[in-house]
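Peer 1: The numbering of the sequence shown is full-length UniProt numbering, which starts it at 1 and goes up by one.
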Amino acid sequence: MKEFTGKRVVILGSTGSIGESALKVARELGPDQMQVVGLAAGTRHEELAAQAKEFGVSDVCIYDESRRSALEELLPGGNVSAGAEGLMELATLANADMILVSIVGTAGLLPTLAAIEAGKDLAIASKEILVMAGEIVMTAAREKGVNVLPVDSEHNAIFQCLEGQRGDSISRLILTASGGPFRTWEKEKLAHVTLAQALKHPTWSMGQKITIDSATMFNKGLEMIEARWLFGVGMEKVDVIVHPQSIVHSMVEYLDGSVLAQLSTTDMCFPIQYAVTWPARCPTGLKPLDFAELAKLEFEAAREDAFPAVRLAREAGLAGGCLPAVLNAANEVAVDAFVRGQLGFTRIAEVVESTMERLASHQGQTLEEILAADTRARELAQEALAV
Ligand code: NAD
Ligand code: MG
Numbered sequence: 001m002k003e004f005t006g007k008r009v010v011i012l013g014s015t016g017s018i019g020e021s022a023l024k025v026a027r028e029l030g031p032d033q034m035q036v037v038g039l040a041a042g043t044r045h046e047e048l049a050a051q052a053k054e055f056g057v058s059d060v061c062i063y064d065e066s067r068r069s070a071l072e073e074l075l076p077g078g079n080v081s082a083g084a085e086g087l088m089e090l091a092t093l094a095n096a097d098m099i100l101v102s103i104v105g106t107a108g109l110l111p112t113l114a115a116i117e118a119g120k121d122l123a124i125a126s127k128e129i130l131v132m133a134g135e136i137v138m139t140a141a142r143e144k145g146v147n148v149l150p151v152d153s154e155h156n157a158i159f160q161c162l163e164g165q166r167g168d169s170i171s172r173l174i175l176t177a178s179g180g181p182f183r184t185w186e187k188e189k190l191a192h193v194t195l196a197q198a199l200k201h202p203t204w205s206m207g208q209k210i211t212i213d214s215a216t217m218f219n220k221g222l223e224m225i226e227a228r229w230l231f232g233v234g235m236e237k238v239d240v241i242v243h244p245q246s247i248v249h250s251m252v253e254y255l256d257g258s259v260l261a262q263l264s265t266t267d268m269c270f271p272i273q274y275a276v277t278w279p280a281r282c283p284t285g286l287k288p289l290d291f292a293e294l295a296k297l298e299f300e301a302a303r304e305d306a307f308p309a310v311r312l313a314r315e316a317g318l319a320g321g322c323l324p325a326v327l328n329a330a331n332e333v334a335v336d337a338f339v340r341g342q343l344g345f346t347r348i349a350e351v352v353e354s355t356m357e358r359l360a361s362h363q364g365q366t367l368e369e370i371l372a373a374d375t376r377a378r379e380l381a382q383e384a385l386a387v
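In structure tokens:
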């Protein structure tokens, strides 16, 4: 029998935008290169069952415990788990080589740490995890010798630009940002932005939370902190440039002034596939770049006066400790309130800033301290909503 040389992958968050793209990659690569061996989702059990049937997966988890029996009925003979415990089971599944973490928010943190402990390679899309506990995750991964492959397109680009280079020769990581749907809007108009307007991203099709984060630029702020931990550089070496076409996914500037960039069309299947096949490169059915059709690539400075998120993230990243977790938690609460129509668009950054100010002296960097800061930040952000 031919030996299997591909990757056996568990997808946490399989019904989301990244999860669906990952399944598309699995179809494209075929079972010789990528086998899906476990699937987990939050609430949509019917979709999860359909995915499990298509890929012949028996280990599945539904986070919402109330849907467990309905899922069991759809998958007779399957090994169905539920809740946080189920996520842990899947993250440590014996026959998995790699865990793709694409759960929105922070529910993926403990499963990520469990996966590392079990020696599984990680493909991380959930940026909130690295913002909250990047140092803990990366240190644990180093100690266990597991690979952390970034799926976020900017970080996947930087990962590619760093290959074969020496870490001490980096002078800057330059994250590109599309600028979101309000890139050119006057600051005064931003207060009246509606949910529908914020959900219209100019270049990427993504889940709701990250789309709102792209509109406020908190997405880029989170990514700055994510980059700092993934690549082990100081916050002062992480820069942002607005690039409306989203073709250059990010760049690395080296000490000699040379800049390496990674380019492709805007499809998350590119970084997902590379995370799975790394260090190999495999053909894709994706659209290649046509430079003549593109004609031009533009770059401009981020408008920090209109979009305070980049400044706030820089401050949180420089302060370190619990402050990135505070920024992330307050942002989640504020975005949720904006989605429910309870908070104005520009108030999102105000809620984050006031929560950060109130918790500025909150010390600590252990997992327990970070989780406590996350909880406290959510309480204070809730209070700030009412002001
Ligand atoms: P999404 O909202 O489309 O999907 C989220 C997925 O997580 C769904 O499958 C949902 O069922 C699942 N989920 C939510 N809570 C869960 C829980 N407690 N347990 C198990 N599953 C749970 O989000 P998305 O756009 O796919 O983004 C996922 C993550 O990837 C986010 O952290 C986002 O920042 C990051 N990311 C997304 C993109 C993108 O293009 N969509 C790009 C870069 C990074
Ligand atoms: Mg990104």
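Even glycine gets a Cβ: it sits at the ideal position worked out from N, Cα and C.
These figures come from a predicted structure and were not determined experimentally.
What's the gap between the Cα of residue 238 and the Cα of residue 314?
Peer 2: Looking at the backbone, the Cα of residue 238 and that of residue 314 are separated by about 9 Å.
Peer 1: Just grab the DSSP bridge partners of residue 79 for me.
Peer 2: 59
Peer 1: Cα-Cα, which of 166, 171, 129, 144 is closest to residue 151?
Peer 2: Residue 151 has its Cα closest to that of 129, out of 166, 171, 129, 144.
Peer 1: Can you tell me where the alpha helix (DSSP H) with residue 262 in it begins and where it stops?
Peer 2: Taken as a continuous stretch (DSSP letters only), residue 262 belongs to no alpha helix (DSSP H), being part of the beta strand (DSSP E) at 259-263.
Peer 1: Mind checking who residue 11 pairs with in its DSSP beta bridge?
Peer 2: Paired residue(s): 39, 100.
Peer 1: Is the separation between the beta-carbon of residue 78 and that of residue 60 shorter than 7 Å?
Peer 2: Yes; because the gap between Cβ atoms is below 7 Å, this pair is in contact.
Peer 1: By DSSP, does residue 248 sit in helix, in strand, or in coil?
Peer 2: strand
Peer 1: Please classify residue 293 as buried or exposed, where buried requires at least 16 other C-beta atoms within 10 Å of its C-beta.
Peer 2: exposed
Peer 1: Taking residue 123 and residue 98 to be in contact with their CB atoms under 8 Å, please state how far apart those CB atoms are, rounded to whole angstroms.
Peer 2: With a beta-carbon spacing of about 6 Å, residue 123 and residue 98 fall inside the 8 Å limit used to define contacts.
Peer 1: Round the Cβ separation of residue 190 and residue 346 to the nearest angstrom and send it over; I've been treating them as touching at under 8 Å.
Peer 2: 5 Å
Peer 1: Tell me whether residue 300 sits in a helix, a strand or coil according to DSSP, three-state version.
Peer 2: Residue 300 falls in the strand class under three-state DSSP.
Peer 1: In chain order, which continuous runs of the beta strand (DSSP E) of length 3 or greater are located wholly inside the stretch 96-177?
Peer 2: Listed in chain order, the complete beta strand (DSSP E) runs (minimum 3 residues) inside the stretch 96-177 are 98-101, 121-124, 148-150, 170-177.
Peer 1: Name the DSSP bridge partner or partners of residue 374?
Peer 2: None; residue 374 has no bridge partner.
Peer 1: Taking the C-alpha atoms as reference points, what is the distance between residue 280 and residue 385?
Peer 2: When rounded, the separation of the alpha-carbon atoms in residue 280 and residue 385 is 48 Å.
Peer 1: Below 8 Å on the Cβ atoms is my guess for residue 28 versus residue 285; work out the distance and round it to an integer in Å.
Peer 2: 6 Å
Peer 1: For residue 186, does the three-state DSSP call read helix, strand or coil?
Peer 2: coil
Peer 1: Report yes if the C-beta of residue 274 is less than 6 Å from at least one heavy atom of the ligand NAD; otherwise report no.
Peer 2: no
Peer 1: Cβ-heavy atom distance between residue 152 and the ligand MG below 6 Å?
Peer 2: Yes.
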